[in-house]
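For reference, the structure is listed below as structure tokens.
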Amino acid sequence: MKLLPLLCLSALLVGCGGEQTPPNQTAGALTDEQLRTAAQLRDEMLASNVAWEVVEDLTTEVGARMPGTPSDAKGVEWMEQRFRDLGFDKVTLEPVEYPLWERHHEMANVVAPFEQPLAITALGGSVGTNGVLVAPVVYFATIDDLQAAADEEVAGKIVFINKRMEKTIDGSGYGPVVAGRSGGAKVAGAKGAVAVLIRSVGTDSDRFAHTGMMRYDEDIPKIPAAALSNPDADQVERLLQRGALTVSIDISAGFTGTYTGHNVIAEVTGSRWPEEVIVIGGHLDSWDLGTGALDDGAGVAVTTAAAHRLLSEDARPGRTIRMVAFANEEQGLIGAYAYAAAHETEIAQHFLGSESDFGAGRVWRYDTNVSEALLPSFEQIFPILEPLGIERGGLESGGGPDIIPLQQLGIPVVRLSQDGTDYFDYHHTANDTLDKIDPEALNQNVAAWITLVYLASHIPAEGN
19 MKLLPLLCLS ALLVGCGGEQ TPPNQTAGAL TDEQLRTAAQ LRDEMLASNV
69 AWEVVEDLTT EVGARMPGTP SDAKGVEWME QRFRDLGFDK VTLEPVEYPL
119 WERHHEMANV VAPFEQPLAI TALGGSVGTN GVLVAPVVYF ATIDDLQAAA
169 DEEVAGKIVF INKRMEKTID GSGYGPVVAG RSGGAKVAGA KGAVAVLIRS
219 VGTDSDRFAH TGMMRYDEDI PKIPAAALSN PDADQVERLL QRGALTVSID
269 ISAGFTGTYT GHNVIAEVTG SRWPEEVIVI GGHLDSWDLG TGALDDGAGV
319 AVTTAAAHRL LSEDARPGRT IRMVAFANEE QGLIGAYAYA AAHETEIAQH
369 FLGSESDFGA GRVWRYDTNV SEALLPSFEQ IFPILEPLGI ERGGLESGGG
419 PDIIPLQQLG IPVVRLSQDG TDYFDYHHTA NDTLDKIDPE ALNQNVAAWI
469 TLVYLASHIP AEGN
């Protein structure tokens, strides 16, 4: 739903004023000159190569950036140097400590009645099997069905949770199925299961299994947890329809200590209120299976490109733009919580936060979560975004996963929502590679981001 009326093209380029102000809403504080500058920057960035160069170089020269691996350290070094090469006003590293989980090998096979291999991947945080584990399989459509089952139905068996994810533009199909990934081992372990297999949390029909984080409770036995690719989950379902099924699983994985990584931070100093900051960015880490192009190399690249353009004197932001390449989002927003803890005493200087972490599809919606006093100015931004094919969304937005800790501390947030229709075809798989990124869609993202960031940086804060 659009909150502003459709205007003529010239009005779309310069914003709203006078009689175009919505009823019962005061005019925003952005000037016509600022709105025109934003429109010019928007159009310019549609032809920029910076974002593509960043994500292409990152995925080619570093590749996967699994937290705690040598590639994690290489990614931090690479990102710091790229920020310096791009000429940011300030570049810093902030340490982040986290548990080190390692994947060594994973294998599964149908033992009976029809012997054949299965494509699996261990879930992040899973323990290993300590050799080959062989057991009968018991079927549950959902984790709720597993929760309701009698312990004797589960004990000594491999639990198979078969909940399928639905494909949606906004990723809303993710929430209903991810509970099986994150909590399936806890529920199954409490009932005496020896392992858990889930249908991958993904919308593809490729034979790539989707990893992702899971959790244990300390007072419940820890059992191995893995995901089947969607075609292999289909195969297991068919085999179970024919009768009893026995599967072998061999996983070597587990936590091996702690590791110190880093948030990598670059700044563009504000020209009007340099002590106030707008935090943008993406997460630098990825899972180990692909090269982390969509999740979240693209987000880092898009926000880096937008911030970089604001270094020029013709586009200087009013506030300092703090671009953060967050550490270890994948295992629980660890870098984000470290950033929030390190900057909690200066949280009042954080004017806004937003992250790009949903692939590289076109931005299709603009959502806000700001104060009533600031809302009229944030409404002025929408007509500059609208020519990019962006809709006006709601007023209770999140700002992205790594912005959650800052939002919990009370900072305003906005969200440029990307088209995620195909995102979960590749999410957390070996198929998350550079060829899945459309350069034109990537540049549309950059155009949207520079519009948002430039204009938000010039909105006077309450009391300014």
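Going by this note's numbering, the first residue of the sequence shown is number 19, and it counts up by one from there.
C-beta atoms are modelled at their ideal positions from N, C-alpha and C, and glycine is treated no differently.
Computed from a predicted model, the values in this text were never measured in an experiment.
Item                                                                                                                                                                                 : Value
Does DSSP classify Y234 as helix, strand or coil?                                                                                                                                    : coil
What are the partner residues of V207, as DSSP defines its beta bridges?                                                                                                             : At residue 207 the sequence reads Gly, which differs from the Val that was named. Paired residue(s): none; G207 is not in a bridge.
Measuring CB atoms only, is the stretch 301 to 309 touching the stretch 334 to 349, in the sense that at least three cross pairs come out at less than 8 angstroms?                  : yes
What number of angstroms, rounded off, separates the C-alpha of G189 from the C-alpha of I269?                                                                                       : 30 angstroms
How far does the alpha helix (DSSP H) with N281 in it reach, from first residue to last?                                                                                             : Run containing N281: none in the alpha helix (DSSP H); it sits in the beta strand (DSSP E), T264 to V286.
Alpha carbon to alpha carbon, how far is H361 from N449? Give it in angstroms, no decimals.                                                                                          : 36 angstroms
Are L246 and I138 closer than 7 angstroms when you measure CB to CB?                                                                                                                 : yes
Of all the options S223, D237 and R256, which has the alpha carbon lying nearest to the alpha carbon of F485?                                                                        : Outside the shown range of the chain, which is 19 to 482, sits residue 485, and nothing can be said about it.
Flag this pair as yes or no: are the beta carbons of G379 and Q436 separated by less than 7 angstroms?                                                                               : yes
Flag this pair as yes or no: are the beta carbons of G336 and W291 separated by less than 7 angstroms?                                                                               : yes
Is it the case that the stretch 465 to 482 contacts the stretch 395 to 405, given that we only count it when at least three CB pairs across the two stretches are under 8 angstroms? : yes
With DSSP run on the structure shown, which of helix, strand or coil describes L104?                                                                                                 : coil
Go through its chain and collect everything with a Cβ distance to V118's Cβ below 7 angstroms, but skip five positions before and after it.                                          : The sequence given here has Leu at residue 118, not Val. If we look at L118 and ignore the five residues flanking it on each side, its Cβ neighbours are G86, F273, T274, G275, T276 and Y277.
Determine the burial state of F132: buried for a count of at least 16 other Cβ atoms within 10 Å of its Cβ, exposed for fewer.                                                       : exposed
What is the residue span of the beta strand (DSSP E) that L257 lies within?                                                                                                          : It is not in any beta strand (DSSP E) - L257 instead sits in the alpha helix (DSSP H) that spans N248 to Q259.
Nearest-angstrom Cα distance between T488 and Y384?                                                                                                                                  : Residue 488 is absent from the structure shown; the chain starts at 19 and stops at 482.
Should the stretch 167 to 182 be called in touch with the stretch 205 to 212, which here means at least 3 C-beta pairs below 8 angstroms?                                            : yes
Alpha carbon to alpha carbon, how far is G198 from P40? Give it in angstroms, no decimals.                                                                                           : Its pLDDT being 38, under 50, P40 is placed unreliably by the model, and nothing is read from it.
For W467, report the span of its alpha helix (DSSP H) as first-last.                                                                                                                 : P457 to S475
In this structure, how does DSSP classify G371 when only helix, strand and coil are distinguished?                                                                                   : strand
Give me the Cα-Cα distance between Q43 and T338, rounded to the nearest whole angstrom.                                                                                              : At Q43, the pLDDT of 43 sits below 50, so the modelled position is not reliable; the number obtained from the coordinates is stated separately. So the two alpha carbons sit approximately 28 angstroms from each other.
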